[in-house]
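Residue numbers (the numbering used here): 221 to 614.
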């Protein structure tokens, strides 16, 4: 009975958070840094005669948003500046026009919320700014509309500046804008990237949010990213964490920096390959050369055929000094995307579908080449998994 009562009592508490100790300490230190610096700057700017106007109470609530949840739409620069200034204007106006303080406070908060909705700058502490303008006492009332600039706008701007510096200095992107997509369609068509054509689509999320019809303390882009990562995590769990070393080709045909273009082209043709990883003597990947690299550099005269241009490219000049490309290292792609041998193959899906990489070199913990994964290897692994899933169904 006692245990049942205790379980019922503990249900009133929220579930434990997922942030680590460092993030909690970072947020607390940020609030300390921001409020102290804002108060000191206001003191030196305004002088000693302003008294309590150096730092108004709603700034404490603003600091929670700016330093503890800087990714929130409610904590962005326009939210704090626009929300606090609008609320201050409305609060001072209501204090002047409505004699009854309680009624004036309610009207000020309601109008401030409406104005923030209209201006798209919802900032919860702004409600406290509106109430401060109404219930702040004779000292605040005596300021009139000066209260909007000093201390509201001044405090908001100073706190915002400290948040911009502190968050970015401690590894938090602020202002929190969505990152540009790195999987845009490479063919300049209207089709979205391959990984976006299955699973959760942006239109699905928009439809659900429209039906939900409530303000969320998370941006739409962050919510979409979390859902997609959750979907990938669930699929990784079902796939059983198949790693690259289990499906990669281990007998890798390679080239070196000094391999001649003629030799490299012959290797590609004989082994029916589209790419050769380029390695140094320690088997570290220093580049990759593909048939596309040959075609890109086989440019001489426009009227010549492709075969003639390729022949001219791979034929040695037999000169001691020439500007003509002679070896693989001169035409290879130096920035190579590699995979770790213990990495999940699911991490390579966006690279091979959206970024259109046809093969990815696999390295060990020392950075040495140990294998190669192609799109064919990926298809075979995923197909085998789908068959296995069918067989083990109850």
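Cβ atoms here follow ideal geometry from the backbone N, Cα and C, with glycine treated the same way.
From a predicted model like this one, the values you see are computed outputs, not experimental measurements.
Considering Cα atoms alone, identify which of the options is closest to residue i.
i	options	result
residue 448	424, 355, 592	424
residue 311	293, 346, 338, 277	346
residue 556	514, 509, 435, 357	509
residue 623	580, 565, 386, 466	An answer regarding residue 623 cannot be provided, because it is not within the stretch 221 to 614 covered by the chain.
residue 262	490, 276, 251	276
residue 254	237, 477, 281	281
residue 550	477, 309, 502	477
residue 381	395, 370, 368, 369	395
residue 284	324, 429, 565, 243	243
residue 324	356, 370, 267	356
residue 256	274, 307, 297	274
residue 307	544, 475, 349	349
To the nearest angstrom, how far is the alpha carbon of residue i from that of residue j?
i	j	result
residue 247	residue 389	13 Å
residue 321	residue 351	10 Å
residue 516	residue 553	11 Å
residue 633	residue 295	What is shown of the chain runs 221 to 614, which leaves residue 633 out entirely.
residue 337	residue 317	23 Å
residue 302	residue 258	18 Å
residue 377	residue 561	49 Å
residue 485	residue 464	27 Å
residue 422	residue 343	26 Å
residue 513	residue 444	36 Å
residue 319	residue 291	40 Å
residue 577	residue 571	6 Å
residue 397	residue 492	45 Å
residue 239	residue 391	14 Å
residue 360	residue 236	41 Å
residue 328	residue 314	6 Å
residue 299	residue 341	4 Å
residue 573	residue 595	9 Å
residue 373	residue 450	40 Å
residue 436	residue 384	23 Å
residue 564	residue 452	11 Å
residue 354	residue 330	13 Å
residue 241	residue 279	24 Å
residue 370	residue 454	52 Å
residue 545	residue 466	38 Å
residue 339	residue 332	10 Å
residue 245	residue 426	35 Å
Could you name the residues that DSSP lists as bridge partners for residue i?
i	result
residue 476	499
residue 592	469, 581
residue 442	In the DSSP output, where bridge partners are listed per residue, residue 442 has none listed.
residue 283	Paired residue(s): none; residue 283 is not in a bridge.
residue 507	498
residue 463	564
residue 547	480
With a CB to CB cut of under 7 Å and the five nearest residues on each side skipped, what residues in its chain are close to residue i?
i	result
residue 468	582, 591, 592, 593, 597
residue 479	547, 548
residue 472	497, 589, 591, 592
Return no unless some Cβ of chain D is closer than 8 Å to the Cβ of residue i.
i	result
residue 257	Absence of chain D from the displayed structure is noted, only one protein chain being present.
Identify, in the order they occur along the chain, each residue of the same chain with its Cβ nearer than 8 Å to the Cβ of residue i, setting aside the five sequence neighbours on each side.
i	result
residue 587	504, 505
residue 511	488, 494, 495
residue 559	464, 567, 568, 580, 581, 582, 583, 593
residue 305	368, 372, 373, 376
Starting from the C-beta of residue i, find all residues in its chain whose C-beta is less than 6 Å away, skip the five residues before and the five after it, and write them out in chain order.
i	result
residue 600	none
residue 500	506
residue 603	none
residue 249	none
Report whether the distance from the Cβ of residue i to the nearest heavy atom of the ligand FMN is below 7 Å.
i	result
residue 603	Ligands in the displayed structure: none, and consequently the ligand FMN is not present.
Please go through the stretch 329-359 and give each complete alpha helix (DSSP H) segment of 4 or more residues, from N-terminal end onward.
345-355
Alpha helix (DSSP H) runs wholly inside the stretch 549-574, at least 4 long, in chain order
569-573
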